[in-house]
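In this note's numbering, the protein residues as written are 2 to 64.
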């Protein structure tokens, strides 16, 4: 399968690195939860999970 001319270079620029996780959005919030040993696990709240056998997950809230 041909995807184009090999001379057709595409460039990517990484402008920053951050964290989006269930136990913190951003480096400082995430780091604080690690120091406090707080988990991001909890009951599913973003949809109806009543029919699922497992109702525990990690949700990224507020993102």
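Don't be surprised by glycine CBs; every beta carbon is placed ideally from N, CA and C.
query                                                                                                                                 : result
CB-CB under 7 Å to residue 39, same chain, minus the five flanking residues each way: which ones, in chain order?                     : 24
My output table needs one value for residue 57: the three-state DSSP class, helix, strand or coil.                                    : strand
By Cβ distance, which residues of its chain are closer than 7 Å to residue 44, with the 5 residues on each side in sequence left out? : 56 and 57
Let me check understanding here. Comparing Cα to Cα, which of 13, 28 and 60 lies closest to residue 19?                               : 28
Which of helix, strand or coil does DSSP assign to residue 36?                                                                        : helix
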